[in-house]
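Undergrad: I'd like to ask you about the structure that follows.
In the working numbering, the protein residues as written are 18 to 414.
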């Protein structure tokens, strides 16, 4: 996995922006691994590039790139026509710049994307290798989606394409209805405290119990989020009523910057994610009946709420800490929390004298605050408790 990350996130690949030379090299690397494992390609008549599902996107500037898709047939006669998609995205931000999604938009430079999402690609390649040797009752589609950073473009095109195919040209069921579940890995390279987040645990009736049982067995601290929405490719699948599970180890200061390099990753943590994923996918692939689908409304109120103030930080939605409070995963320089002295990794325990234990209470506290005021914020930093005076400013719309 380390070798895969070091190549995909190398300077040579230039940040893997869609339809660039780096994008081509990344896709050739992944397709080469699948070819070596002798997986069935997605398209029957293309012997050399049958793993590629090409698509073109963009209004003003058309760009053509592709998803990389391989098929592993199941061994059970009854279940082999039901498919599980195991996926990651392989694109990233290229050189960054304004409008790219970079958190340093004024700095042009390679955004290597080691965690986002070379980490997920490396784990999915190892999962492909594992399941090739350990065939499951259901079939598995291994998908590496392109243009995810541009708005989940590749996964949306894939599902649209599946609607139109009649099954004669591709090694898949006649349409997307043959897909019974999707497991997505995105940013799984920075595990802390044996913790990860699994979203979509409410999208099928047996998912939450399955995840919790395996997490306890593997000594992982897993935060379960019921809905299957969010800024990654699983959202495309839940939008067409396919149950999903999304695995991530969360954000960090290097996210979407040139500093997201291979040396910052926790490879032992990636191994833990790999082992957990093997068991999880194996369980779903062996279920006697296909997972049911449950419609769960989005719980991500942060993206819809209109607060009068901002602290300028990204809270840790996983709740990985073993002490009361909410960890500040990313504290943005120049914003109120940073100006007051709060730093990434601090655990916020009180805002304006009121206790804080989770993301819901964090949003409630923000909704009570007024721009222009200064309020105390108590944090735990290591073993030291510190109270900072934070001057509140309105968010930039």
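Ideal Cβ positions, reconstructed from N, Cα and C, are used throughout, including at glycine.
Could you spell out where the alpha helix (DSSP H) holding residue 376 opens and where it closes?
TA: Where residue 376 is concerned, the enclosing alpha helix (DSSP H) stretches over 376–384.
Undergrad: Below 8 Å between beta carbons: does that hold for residue 247 and residue 224?
TA: Result no, Cβ atoms of residue 247 and residue 224 do not sit closer than 8 Å.
Undergrad: Would you report the Cα separation of residue 97 and residue 299, rounded to the nearest angstrom?
TA: C-alpha separation (whole angstroms): 14 Å.
Undergrad: Any contact between the segment 204–218 and the segment 109–118? By contact I mean 3 or more CB pairs, one from each, below 8 Å.
TA: Taking 8 Å as the limit for Cβ pairs, the verdict is that the segment 109–118 does not touch the segment 204–218.
Undergrad: Among residues of its own chain, excluding the 5 on either side of residue 187, which ones have a beta-carbon nearer than 7 Å to its beta-carbon?
TA: Excluding sequence neighbours, residue 187 sits near 59, 60 and 61.
Undergrad: Name the one or two DSSP bridge partners that residue 155 has.
TA: For residue 155, which the question treats as bridged, DSSP gives no partner whatsoever.
Undergrad: Within the same chain, show all residues whose beta-carbon is closer than 8 Å to that of residue 29, passing over the 5 residues directly before and after it, in chain order.
TA: Once the five neighbours on either side are set aside, the close Cβ partners of residue 29 are 39 and 42.
Undergrad: Below 6 Å CB to CB, which residues in the same chain sit around residue 394 once its five sequence neighbours on both sides are set aside?
TA: The residues are 368, 405 and 407.
Undergrad: So what's residue 266 in DSSP terms, helix, strand or just coil?
TA: Of the three classes helix, strand and coil, the one that applies to residue 266 here is coil, per DSSP.
Undergrad: Rounded to the nearest angstrom, what separates residue 133 and residue 278 at their Cα positions?
TA: Between residue 133 and residue 278, the C-alpha separation is close to 10 Å.
Undergrad: Residue 87 and residue 57 - do their beta-carbons sit closer together than 8 Å?
TA: In this structure, residue 87 lies closer than 8 Å to residue 57 by Cβ.
Undergrad: What residue range is occupied by the uninterrupted beta strand (DSSP E) comprising residue 285?
TA: Unbroken run through residue 285 is the alpha helix (DSSP H), 284–303; no beta strand (DSSP E).
Undergrad: Quick check for students: name the residue ranges of the beta strand (DSSP E) that lie wholly in the segment 59–87, counting only runs of 3 or more.
TA: Counting only runs of 3 or more, we get 69–74.
Undergrad: Identify every run of the alpha helix (DSSP H) within the segment 180–255, keeping only runs that are complete inside it and at least 4 residues long; order them along the chain.
TA: Counting only runs of 4 or more, we get 224–234 and 251–255.
Undergrad: Using C-beta distances below 6 Å, list every residue in its chain close to residue 352, excluding the 5 sequence neighbours before and after it, in chain order.
TA: Same-chain partners within the cutoff: 329.
Undergrad: Could you check the C-alpha separation between residue 235 and residue 382 for me, to the nearest Å?
TA: Going by the C-alpha atoms only, they are around 35 Å apart.
Undergrad: Compute the beta-carbon to beta-carbon distance between residue 32 and residue 130, rounded to the nearest angstrom, for a pair I have assumed lies under 8 Å.
TA: Correct: roughly 6 Å between the Cβ atoms.
Undergrad: Exposed or buried, which one is residue 155 when buried takes at least 16 other CB atoms within 10 Å?
TA: Looking at its Cβ environment, which holds 16 or more other Cβ atoms inside 10 Å, residue 155 is buried.
Undergrad: Kindly identify the DSSP beta-bridge partner or partners of residue 104.
TA: Per DSSP, 160 and 201.
Undergrad: Sort 294, 331 and 274 by Cα distance to residue 124 and report the nearest one.
TA: Ranking the options by Cα distance to residue 124, first place goes to 274.
Undergrad: For the alpha helix (DSSP H) that contains residue 353, what are its first and last residues?
TA: Segment 353–357, the alpha helix (DSSP H) holding residue 353.
Undergrad: Taking 8 Å as the limit between beta carbons, can you name the residues of its chain near residue 221, skipping five residues before and five after?
TA: Excluding residues within five positions, the ones whose Cβ falls inside 8 Å are 198, 260, 308, 309, 310 and 311.
Undergrad: For residue 171 and residue 403, I'd like the C-alpha separation in whole angstroms.
TA: So the two alpha carbons sit approximately 46 Å from each other.
Undergrad: If you count every other CB in all the chains shown that lies within 10 Å of the CB of residue 398, and 16 or more means buried, which is it?
TA: Result: exposed.
Undergrad: Do you know whose CA, among 386, 301 and 142, lies nearest residue 227's CA?
TA: Per the Cα distances, 301.
Undergrad: Suppose contacts are defined by Cβ-Cβ distances below 8 Å. Is residue 21 in contact with residue 138 by that definition?
TA: Taking 8 Å as the Cβ cut-off, residue 21 and residue 138 qualify as a contacting pair.
Undergrad: Flag residue 210 as yes if its beta-carbon sits less than 8 Å from any beta-carbon of chain D, otherwise no.
TA: No chain D appears in the structure shown, which is made up of a single protein chain.
Undergrad: Give me the Cα-Cα distance between residue 84 and residue 306, rounded to the nearest whole angstrom.
TA: Those two C-alpha atoms are separated by around 29 Å.
Undergrad: Give me the DSSP bridge partner(s) of residue 367.
TA: Residue 367 is bridged to 372 and 395.
Undergrad: Kindly identify the DSSP beta-bridge partner or partners of residue 347.
TA: DSSP lists 331 as partners of residue 347.
Undergrad: In this structure, does DSSP put residue 46 in helix, strand or coil?
TA: The answer is helix: DSSP assigns residue 46 an H, G or I state.
Undergrad: Measuring straight from C-alpha to C-alpha, what distance separates residue 77 and residue 195?
TA: So the alpha carbons of these two residues sit roughly 35 Å apart.
Undergrad: When DSSP builds the beta bridges, which residues end up paired with residue 403?
TA: BP columns for residue 403 point to 396.
Undergrad: Quick one: measure Cβ to Cβ for residue 175 and residue 107, integer angstroms, because I've assumed they're closer than 8 Å.
TA: The Cβ separation is near 13 Å, so there is no contact.
Undergrad: Going by DSSP, what residues sit across from residue 92 in a beta bridge?
TA: Beta-bridge pairing links residue 92 to no other residue.
Undergrad: Around the C-beta of residue 177, are 16 or more other C-beta atoms found within 10 angstroms, so that it is buried, or is it exposed?
TA: So residue 177 ends up on the exposed side.
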